[in-house]
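Each remark here refers to the structure printed beneath this line.
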Amino acid sequence: MKRPAIGAVVAGSALLLSGLSAQAVELPTTKTTKARVWVTTPDRAELLHERAPVAFGKGPSAQTTITVDPGTKYQSMDGFGASITDSSAAVLYRLTPAVRDQTMRSLFDRDQGIGVSFLRQVVGSSDFTAAPQHYTYDDVPAGQTDFPLRHFTISHDQAQILPLLRRAKQLNPSLKVMATPWSPPAWMKTGDSLVGGRLKDDPAIYNAYARYLVKFVKAYEAAGVPVDFLSVQNEPQHRKPSGYPGTDMPVRQQAAVIEQLGPLLRAYSPRTKILGYDHNWSTHPGDVNNTPPGEDPETDYPYQLLDSPASKWLAGTAYHCYSGNPSAQTALQQTFPDKGIWFTECSGSHGPNDTPAQIFRGTLTWHARTLMLGTTRNWSKSVVNWNIALDDKGGPYNGGCTTCTGLVTVQPDGSVSTDAEYYTIGHLSKFVRTGAVRIASTSYGTTGWNGQLMSSAFRNPDGSTALLVHNENDEPRTFAVAVGDQSFEYTLPGGAIGTFVWERSPKPLLTPVSLEGATASAVPAADAALAFDADGSTVWQSKAAQAAGQYVQADLGTAKQFRRIAIDSGGNAGDYARGWQVSTSFDGTTWRPLASGTGTGQLTNLDVKPTRARYVRISSTGTSDHWWTLADVRLYN
Numbered sequence: 309m310k311r312p313a314i315g316a317v318v319a320g321s322a323l324l325l326s327g328l329s330a331q332a333v334e335l336p337t338t339k340t341t342k343a344r345v346w347v348t349t350p351d352r353a354e355l356l357h358e359r360a361p362v363a364f365g366k367g368p369s370a371q372t373t374i375t376v377d378p379g380t381k382y383q384s385m386d387g388f389g390a391s392i393t394d395s396s397a398a399v400l401y402r403l404t405p406a407v408r409d410q411t412m413r414s415l416f417d418r419d420q421g422i423g424v425s426f427l428r429q430v431v432g433s434s435d436f437t438a439a440p441q442h443y444t445y446d447d448v449p450a451g452q453t454d455f456p457l458r459h460f461t462i463s464h465d466q467a468q469i470l471p472l473l474r475r476a477k478q479l480n481p482s483l484k485v486m487a488t489p490w491s492p493p494a495w496m497k498t499g500d501s502l503v504g505g506r507l508k509d510d511p512a513i514y515n516a517y518a519r520y521l522v523k524f525v526k527a528y529e530a531a532g533v534p535v536d537f538l539s540v541q542n543e544p545q546h547r548k549p550s551g552y553p554g555t556d557m558p559v560r561q562q563a564a565v566i567e568q569l570g571p572l573l574r575a576y577s578p579r580t581k582i583l584g585y586d587h588n589w590s591t592h593p594g595d596v597n598n599t600p601p602g603e604d605p606e607t608d609y610p611y612q613l614l615d616s617p618a619s620k621w622l623a624g625t626a627y628h629c630y631s632g633n634p635s636a637q638t639a640l641q642q643t644f645p646d647k648g649i650w651f652t653e654c655s656g657s658h659g660p661n662d663t664p665a666q667i668f669r670g671t672l673t674w675h676a677r678t679l680m681l682g683t684t685r686n687w688s689k690s691v692v693n694w695n696i697a698l699d700d701k702g703g704p705y706n707g708g709c710t711t712c713t714g715l716v717t718v719q720p721d722g723s724v725s726t727d728a729e730y731y732t733i734g735h736l737s738k739f740v741r742t743g744a745v746r747i748a749s750t751s752y753g754t755t756g757w758n759g760q761l762m763s764s765a766f767r768n769p770d771g772s773t774a775l776l777v778h779n780e781n782d783e784p785r786t787f788a789v790a791v792g793d794q795s796f797e798y799t800l801p802g803g804a805i806g807t808f809v810w811e812r813s814p815k816p817l818l819t820p821v822s823l824e825g826a827t828a829s830a831v832p833a834a835d836a837a838l839a840f841d842a843d844g845s846t847v848w849q850s851k852a853a854q855a856a857g858q859y860v861q862a863d864l865g866t867a868k869q870f871r872r873i874a875i876d877s878g879g880n881a882g883d884y885a886r887g888w889q890v891s892t893s894f895d896g897t898t899w900r901p902l903a904s905g906t907g908t909g910q911l912t913n914l915d916v917k918p919t920r921a922r923y924v925r926i927s928s929t930g931t932s933d934h935w936w937t938l939a940d941v942r943l944y945n
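To convert, note that position 58 of the sequence shown is 366 in my numbering; the numbers rise steadily by one, no gaps.
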């Protein structure tokens, strides 16, 4: 079975084997390029507020610099949004028609709102169901079955959910729809209940369930809502849901359903892609503890599924946020690079005594670093929250979460307020179009919070670039954004999110040297830590004051040619090498000095004569009471 790379130990230093990042350098434009700027602050002083544009100028900056490289490309994007659950539909229908349509425009229209571009819809009932009884689309009395699916109907959704979905697609024609069931019909399950249990271990049941899902897809298409993506079970390892539909679906059962479903979708709805797993970044400890005695908790569920024969029918894997962290997405992508990754659920939540200001600030900053940037920098093709709308009590709910928040809240007086998730999703969906491709940008923040600047950049189909930056620090941070030999400086308030958009960039003069699969080591290893961030950039930091003789050495895998090296110390001001030397080698034993110099700041772009080498060593030749941080190394040719 394939497994993720778990790293190697090099003389006491952790080394995750994922490749160094590469950047491109662009020609200067012939006229001044300006970036438009939108900002949201945790104190709500600015909410997707458009500030004055900022102009690129020629030359580098002494500020911490985010380098954007349109020439290094990652995943394409399918969209950003949430779910119009039964509860969301119910609260939206409490509004007057005029206010409801205004709310829909604020959600789905890109000009008048945030342009939500992805919806994950529940197939049947979930914990966010306004009706008193949970339901599916083929419910029959206990003890009966319906293998021909004669009782199948989506009539429940025709009153509120489907009209809202059709309106959403009118407002945003590029909107993509995913469908996910919380439970098969009870007659297909052990226990004859929507809450808990498993599918009956019977090939006829697997076939019936596959036909049920295809019937749903066709019914929705006939109702004007084509389904682009489909998973077969929400959170298949959540074995004991609290009073709402859920199903324990081991890998073998999910694979069996997918093998039935794949050929049917290919025949009847070829546009619909199947996504596997649809659960957390890591198996929740509670799910492990609830594993039936003697059974495997399947903590490597997505790996097993993608290693199974069912993999041929899968476009990729879907993830949720309630356990683990986004780096799990990159580990899976490295093991199965031909499969996509989608992030499909995370709900904002709050404690019983949190004030509205605390809820907004905490949700905005956590979602910014973990979802907006953490998932996209870890290969996700979508960012999707849970409920798109709830009432002021966080409902109506029917079991499950009692502290969840939505993108918008319908107030008792019939007004609608926007929540933090409206802005975190909006900073993506309003500016990053369907079909955009994520491009390289240096980023120094972490999903665990380190007070630095975090970024993610995208090239839209029209050629424009959208750069998202989050200042994790509570204090304002001034930084620069560089594209080729142009840059601008900007200051973001503490905790703020900024989106910068500029028009088409020229073609690059220098192209990135791919360092995928490269490895690196640090000396002295006992005094330093070396690791790679999620999308491949190095982070090496001496644990003591820098001293002459410390170095980082990269093995490029094969001999490669380059004529520029970017040495980037990251966001910690002052942690650059006071003196440095770059050496190269073909065999890792015999070294030739290439260049040397004195460090003056975060970013050193070293232009050299065309050089070919397999090994590159960057050594510290100076001393200082500062640490030496090497946050990113890039080669250009």
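Don't be surprised by glycine CBs; every beta carbon is placed ideally from N, CA and C.
Keep in mind the model is a prediction, meaning the values are calculated, not measured.
Please say whether T710 and G722 have beta carbons closer to each other than 8 Å?
-> no
Excluding five sequence neighbours on each side, which residues of the same chain lie with their C-beta closer than 8 Å to the C-beta of Q466?
-> A531
When burial is assigned at 16 or more other CB atoms within 10 Å of the CB, is G882 buried or exposed?
-> exposed
Thinking C-beta only, is I422 closer than 8 Å to I696?
-> no
Bridge partner(s) assigned by DSSP for D915 = R872
Roughly how many angstroms separate the alpha carbons of L328 and A826, rounded to a whole number?
-> Legend: pLDDT at L328 = 38, less than 50; position of this residue unreliable, value from coordinates given subsequently. Their backbone Cα atoms lie some 6 Å apart in a straight line.
On the three-state DSSP scale, how would you describe T684?
-> helix
Counted within 10 angstroms of its Cβ, other Cβ atoms place R812 as buried (16 or more) or exposed = exposed
Residue burial classification, F894 (beta-carbon count within 10 angstroms, cutoff 16) = exposed
Is DSSP giving G315 helix, strand or coil here?
-> For G315, the predicted structure reports a pLDDT of 27, less than 50, and the residue's modelled location is therefore unreliable. The matter cannot be settled from this model.
Give the secondary structure of V860 by DSSP, where H, G and I count as helix, E and B as strand, and everything else as coil.
-> strand
Straight-line Cα distance separating L938 from N781 | 20 Å
When Q719, R900, P605, S725 are compared against T919, the one with the closest alpha-carbon = R900
M412 - containing alpha helix (DSSP H), residue span = 405 to 416
Does the region 397 to 407 touch the region 765 to 781, meaning 3 or more C-beta pairs lie closer than 8 Å?
-> no
Between the CA atoms of A830 and T349 - distance to the nearest angstrom = 39 Å
DSSP on F668, reduced to helix/strand/coil?
-> helix
Please name the residue, chosen from V718, G632, T591, S539, that lies closest to A618 on a Cα-to-Cα basis.
-> S539
What are the start and end residues of the alpha helix (DSSP H) that includes E811?
-> First-last for E811: undefined, no H or E at that position.
Alpha helix (DSSP H) runs wholly inside the region 548 to 594, at least 4 long, in chain order = 559 to 576
Which ranges would you report for the beta strand (DSSP E) in the region 697 to 774 if only whole runs of at least 3 residues count?
-> 697 to 699, 716 to 718, 724 to 726, 745 to 749, 761 to 767
Look at the Cβ atom of A828, then the Cβ atom of V789, and state whether they are nearer than 8 Å.
-> no
N-terminal and C-terminal residue of the beta strand (DSSP E) that I374 is part of = 372 to 384
Does the Cβ-Cβ distance between D510 and G708 come in under 8 Å?
-> no
Give a yes or no on whether 8 Å exceeds the smallest Cβ distance from C712 to chain D.
-> Among the chains in the structure shown there is no chain D, since it carries only a single protein chain.
Burial state of R677 (16 or more Cβ within 10 Å) = buried
Spatial neighbours of G624 within its chain, please: CB distance less than 7 Å, with the 5 preceding and 5 following residues excluded, ordered by chain position.
-> L583, K647, G648, I649, W650
What is the rounded straight-line gap between the Cα of I926 and the Cα of Y884?
-> 12 Å
With DSSP as the reference, please indicate the residues paired to L902 in a beta bridge.
-> In the DSSP output, where bridge partners are listed per residue, L902 has none listed.
Between which two residues does the beta strand (DSSP E) harbouring F364 extend?
-> Unbroken run through F364: none, as it is neither H nor E.
Considering only the beta carbon of each residue, do S690 and G387 sit closer than 8 Å?
-> yes
Can at least three beta-carbon pairs, one atom from the region 750 to 764 and one from the region 866 to 881, be found at a separation below 8 Å?
-> yes
Hey, would you say S559 sits closer than 8 Å to S491, going by beta carbons?
-> It is worth fixing the name first, because residue 559 is Val in this sequence and not Ser. No, the pair does not count as a contact, with Cβ atoms beyond the cut-off.
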